[in-house]
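Q:
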DNA sequence: CCACAGGGCGGCA
DNA sequence: TGCCGCCCTGTG
């Protein structure tokens, strides 16, 4: 990987095969990245607006600089990890086409609080709606950070800010029945941030049990939070798409928890990576009709 | 108008 | 312990 720094952009060469903006931002792990008319993606991380595109095998980060790259983007995009090695290790005869289809996926290192709320909202919900709700929350209760390509951007609201709202305020953001869960999360996290931000130091099992203390967090949502914000790559979130594809590809059936345990047995420490390739493939309409 | 998609909770066996 | 009805919104 070779990185070049310019006044307001950063270029990365040498990881083209393992960095595809569409795969990264459309594989269901994040909700604050939107595709621009030119095919690039713009999103908010912390209080920064970044635009990402790929031109002739060069990854271009627009609207940023060397300092931000080193302090934020290296970690956020998991750039220290060799995804070609991971793909090599998990590859079996059943996964060849599936990995090829989503070969540019990387698992982002996102903020625990934002991920917690985002995946509570994801329960019984579709990606378009989840994005809309998070956008509502950010526009109303986040802080304005700037305008890029004619659009205004806002931070994800802090726990204290959400905690100060009542359930009806949250329902106006189209959270629906999840409003009381979001309240519960904001209450617990604003009182004890340390608790949330130390979960990544626990084992996978302990962190999962702990995060499930929050109302609205069950096995699926908990596994998502662990995988997308706590570096727990043993995590294997099972939703309806994963149920379908695990049956089709591996003939593994059963309840979500049973599927998860069988998968973890096969894929071990790489479960989360495999889950992302499988989910992307299934959710992009590549499953066989039954 | 209705059917349906999509996780977790809580009540009841 | 396991199952089942309900929560909410948008789309077809």
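Residue numbers (our numbering): 16 to 305. Just so it is clear, CB atoms sit at the ideal spot from N, CA and C, and this is done for glycine as well.
State the start and end residues of the unbroken alpha helix (DSSP H) segment that holds residue 111.
A: By one-based count along the first chain, residue 111 stands at place 96. Unbroken alpha helix (DSSP H) run through residue 111: 111-116.
Q: So what's residue 17 in DSSP terms, helix, strand or just coil?
A: In the first chain, counting from the first residue as 1, residue 17 sits at position 2. Looking at residue 17 - three-state DSSP - the assignment turns out to be strand.
Q: Starting from the Cα of residue 235, find the closest Cα among 104, 210 and 273 and give me that residue.
A: Position 220 of the first chain, counted from the first residue, corresponds to residue 235. Nearest option by C-alpha distance: 273.
Q: Can you tell me where the beta strand (DSSP E) holding residue 66 begins and where it ends?
A: Position 51 of the first chain, counting from 1, holds the residue named residue 66. Its beta strand (DSSP E) spans residues 63-70.
Q: Using 8 Å as the threshold, is the C-beta distance between residue 291 and residue 42 below it?
A: Numbered from 1 along the first chain, position 276 holds the residue referred to as residue 291. Numbered from 1 along the first chain, position 27 holds the residue referred to as residue 42. For residue 291 and residue 42, yes; Cβs fall inside 8 Å.
Q: Determine the burial state of residue 66: buried for a count of at least 16 other Cβ atoms within 10 Å of its Cβ, exposed for fewer.
A: Position 51 of the first chain holds residue 66. Classification of residue 66: buried, given that the 10 Å Cβ count is 16 or more.
Q: Have a look at residue 206 and residue 146 and give me their C-alpha separation to the nearest angstrom.
A: In the first chain, the residue the question calls residue 206 occupies position 191. In the first chain, the residue the question calls residue 146 occupies position 131. Put simply, the backbone Cα of residue 206 is about 27 Å away from that of residue 146.
Q: Opposite residue 162 in the DSSP bridges: which residues?
A: As a position in the first chain, residue 162 is number 147, starting the count at 1. Answer by DSSP bridge pairing, in chain order: 167.
Q: When you compare the stretch 167-177 with the stretch 73-87, are there three or more beta-carbon pairs, one atom per stretch, that lie closer than 8 Å?
A: no
Q: I'd like to know whether the C-beta atoms of residue 227 and residue 199 end up nearer to each other than 8 Å.
A: As a position in the first chain, residue 227 is number 212, starting the count at 1. As a position in the first chain, residue 199 is number 184, starting the count at 1. Contact: no.
Q: Helix, strand or coil for residue 191? Go by DSSP, reduced to three states.
A: Position 176 of the first chain holds residue 191. Correct three-state label for residue 191: helix.
Q: Would you kindly report the start and end of the unbroken alpha helix (DSSP H) that includes residue 127?
A: The residue you call residue 127 lines up with position 112 of the first chain. Here the alpha helix (DSSP H) through residue 127 covers 127-136.
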